[in-house]
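For the sequence shown, position 81 (counting from the first letter as 1) is numbered 82 according to my numbering, and the numbering increases by one without interruption. Down below is the structure, laid out as structure tokens.
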Amino acid sequence: MSRFTNKMVDDLADKLLIGLSAEENKMVLDEFDAIDANIDLINEIDGINEVEPMTYCLDEVFATFREDIAIESVPIEDLLRNCDDTEDKEVVVPKVVGLTYATFHSRFPVESLEKEALVYSER
């Protein structure tokens, strides 16, 4: 007999704010039963209770760190020369978050984006 019920799955779905149809509920219930069956198989292994839990999948973890050496970077002025619009030492970009689909495409027509992508790929 299953340790999980339709009501348990529905309660979990409600807590996660997702609605499940009867078919989806059955699918989730079947998955829970499969996971539960695999856990039962693992628990049947002799001596499993004596095994120390691991925090990482490998026995030993070695991290090799390189020496932190400061190297000269490209001057900011050279980088900003590649930008269309700048303000002080910052790049000015058009706002796209919160735009509707129609507004976005009126400001950035697909044709211009495709041309720009072609120019970019030819560089």
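No residue lacks a Cβ here, since even glycine has one placed at the ideal position from N, Cα and C.
Between the CA atoms of residue j and residue i - distance to the nearest angstrom
i      : j      : result
ASN50  : ARG4   : 22 Å
MET55  : THR101 : 49 Å
ASP12  : GLU73  : 58 Å
ASP31  : TYR57  : 29 Å
ARG124 : THR65  : Bear in mind that the predicted position of ARG124 carries a pLDDT of just 44, short of 50, making it unreliable; the figure below should be weighed with that in mind. In a straight line, the C-alpha of ARG124 is about 37 Å away from that of THR65.
LEU119 : PHE33  : In this prediction, LEU119 has a pLDDT of 47, which is less than 50 and means its spatial position is unreliable; what the coordinates show is noted afterwards. Distance between the alpha carbons of LEU119 and PHE33: 49 Å.
ALA125 : PHE63  : Absent from the structure is residue 125, since the part of the chain shown begins at 2 and ends at 124.
ALA71  : ASP79  : 19 Å
ILE19  : ASP47  : 40 Å
GLU45  : ILE36  : 15 Å
LYS96  : SER107 : 13 Å
ILE40  : ASN26  : 21 Å
GLU68  : VAL98  : 40 Å
ILE43  : LEU59  : 19 Å
Spatial neighbours of residue i in its chain, beta-carbon cut-off 6 Å, leaving aside the 5 residues before and after
i     : result
LEU81 : THR87
LYS90 : ILE77
LEU21 : ALA14
Coarse secondary structure for residue i, derived from DSSP in three states
i      : result
GLU32  : helix
VAL92  : strand
VAL75  : coil
SER107 : helix
ILE1   : Residue coverage of the chain in this structure runs from 2 to 124, which leaves residue 1 outside it and unanswerable.
MET9   : helix
Proximity of residue i and residue j at Cβ, strictly below 8 Å
i     : j     : result
VAL52 : VAL29 : no
VAL75 : CYS84 : no
Proximal residues to residue i (C-beta, below 7 Å), its chain only, five neighbours per side dropped
i     : result
THR6  : none
VAL94 : none
Residues bridged to residue i (per DSSP)
i    : result
THR1 : A query on residue 1 cannot be resolved here, the shown segment of the chain reaching from 2 to 124 and no further.
Cβ-heavy atom distance, residue i to the ligand MN, below 7 Å
i     : result
PRO76 : Of ligands this structure carries none, so the ligand MN is not represented either.
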